[in-house]
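In full-length UniProt numbering, the protein residues as written are 1 to 333. Note that beta-carbon positions come from the ideal geometry of N, C-alpha and C, so glycine has one too. To start, the structure itself, in structure tokens.
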Amino acid sequence: MKDIFALLKQGSMASLTAAVVNFILAGLKGLAFLFTANVAMFAEMMHSFGDGVNQLFVFTGSSLSKKAPTKRFPFGFGRLVNLVCLFAIIIVAILSYETVKEGIHHIIEPLPAQTETTLLLVNIGVLAISMMLEGSVLYKAGKELLQQAGQPFDGLKPLTLSYKHIDSAKPATKLVFLEDTVATAGAFLAIIAILIGRFTGLLQAEGIASVLIGLMMFYIVYRVFMENAAGVLGESDPHMEQRISKIVLKNDEIKDIQKLIVLKEGDALHVEVIAEIAPDLTVAYTNELRDDIEALILKQSHVTDVNMEFEVDDGKRSWPVTQNQLDRKSQKK
1 MKDIFALLKQ GSMASLTAAV VNFILAGLKG LAFLFTANVA MFAEMMHSFG
51 DGVNQLFVFT GSSLSKKAPT KRFPFGFGRL VNLVCLFAII IVAILSYETV
101 KEGIHHIIEP LPAQTETTLL LVNIGVLAIS MMLEGSVLYK AGKELLQQAG
151 QPFDGLKPLT LSYKHIDSAK PATKLVFLED TVATAGAFLA IIAILIGRFT
201 GLLQAEGIAS VLIGLMMFYI VYRVFMENAA GVLGESDPHM EQRISKIVLK
251 NDEIKDIQKL IVLKEGDALH VEVIAEIAPD LTVAYTNELR DDIEALILKQ
301 SHVTDVNMEF EVDDGKRSWP VTQNQLDRKS QKK
């Protein structure tokens, strides 16, 4: 039991926070929908519930993925977070479909306009609370994302700079950030639709908002499914491969790289390198060289283990390098 709690402590706190907030908001929106029968509120309720379920699954998966490697699973359980996300996204897909279907129904057969000020205030109030809470979770997730990307995270950067570095984040953090971006935008969209319906008489506005919110949810379904399906199958990280190749080739004793693979295992990265060296290097020097390069690679974000081997230089160029890199090596010689 202690092991389970220890693993849960290592899970994504951004996912857990987002799950709790979304379940609370789903309850508030559900009560508001029962009270006002507002279709935009129904869409937001489904959205919050779907996000809450998804993020709870992600928290569980991110926790269990930290389990230490075993003899049967020597690479650990990193991909478990990807597998759990695939199950969770099925629920979100069903809720997205129901949201779009309900929105289309209310575009074709819109409900009469609600003229009671009380109902308007209930809808606007609940959605405003939702937008503020979702925005705070979005800010926290953006801050965590920038920390993982090694970028400054002060001021408004978590809400602006995060989108530029989103691919550098861990899967769980990336998912929370995307879902809360859509959730915050969806709450704002629902408020606008309610106001348009009330003050312009365009009764289809709420149905249109419901469809748009459902389509945004489908975008999350597509994005999460594609990324986690790739993670389950075993995906390489081309960006990190290029970064590590520069670290390896920076050493004058490394003549070429025969093979370099950076494999994603959930949040972790496993690195395998086969480099070419001159045949006259001693075993002792080669071992020291390996230790130095592996130590540099292990300092890179998310890298958990490195396997580096050496082969004698065959005189043929296997790994592409820039002319600047070749010139620098020539100047050093």
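From the DSSP output, read off the bridge partner residues of residue i.
i: I257; result: A275
i: K264; result: L269
i: S236; result: L263
Is residue i near residue j, with beta carbons less than 8 Å apart?
i: A187; j: M131; result: yes
i: A149; j: S136; result: no
i: A275; j: V248; result: yes
i: residue 334; j: A40; result: No answer is possible for residue 334: it lies beyond the span of the chain, which begins at 1 and ends at 333.
i: A190; j: E44; result: yes
i: V262; j: D292; result: no
i: G214; j: R79; result: no
i: L120; j: R198; result: yes
i: S15; j: F87; result: no
i: F49; j: A26; result: yes
i: A278; j: K255; result: yes
i: A141; j: V81; result: no
i: I91; j: N54; result: yes
Can you tell me where the beta strand (DSSP E) holding residue i begins and where it ends?
i: N251; result: Looking at the DSSP string, N251 is not in any beta strand (DSSP E), and its letter there is neither H nor E.
i: E304; result: In the sequence as displayed, the identity of residue 304 is Thr instead of Glu. Note, T304: beta strand (DSSP E), 303 to 312.
Can you have a look at residue i and say buried or exposed, based on whether 16 or more other CB atoms are within 10 angstroms of its CB?
i: Y139; result: buried
i: N287; result: exposed
i: A193; result: buried
i: H105; result: exposed
i: K174; result: buried
i: A183; result: buried
i: S301; result: exposed
i: I220; result: buried
Check whether the Cβ of residue i sits closer than 7 Å to any heavy atom of the ligand NAD, and report yes or no.
i: P320; result: Absence of the ligand NAD is noted for the structure shown, with no ligands found whatsoever.
I'd like the span of the alpha helix (DSSP H) that includes residue i, first residue to last.
i: G103; result: 80 to 108
i: K316; result: It is not in any alpha helix (DSSP H) - K316 carries neither H nor E in the DSSP assignment.
i: L296; result: 283 to 298
i: A19; result: 13 to 36
What are the uninterrupted segments assigned as alpha helix (DSSP H) that are 4 or more residues long and contained completely in the stretch 153 to 181, given in chain order?
Within the stretch 153 to 181, the complete alpha helix (DSSP H) runs of at least 4 residues fall at 157 to 160.
In chain order, which alpha helix (DSSP H) runs of at least 4 residues are fully inside the stretch 119 to 157?
Scanning the stretch 119 to 157 from its first residue to its last, no whole alpha helix (DSSP H) run of 4-plus residues comes out.
What are the uninterrupted segments assigned as beta strand (DSSP E) that are 3 or more residues long and contained completely in the stretch 39 to 75, given in chain order?
The qualifying runs do not exist here; there are none.
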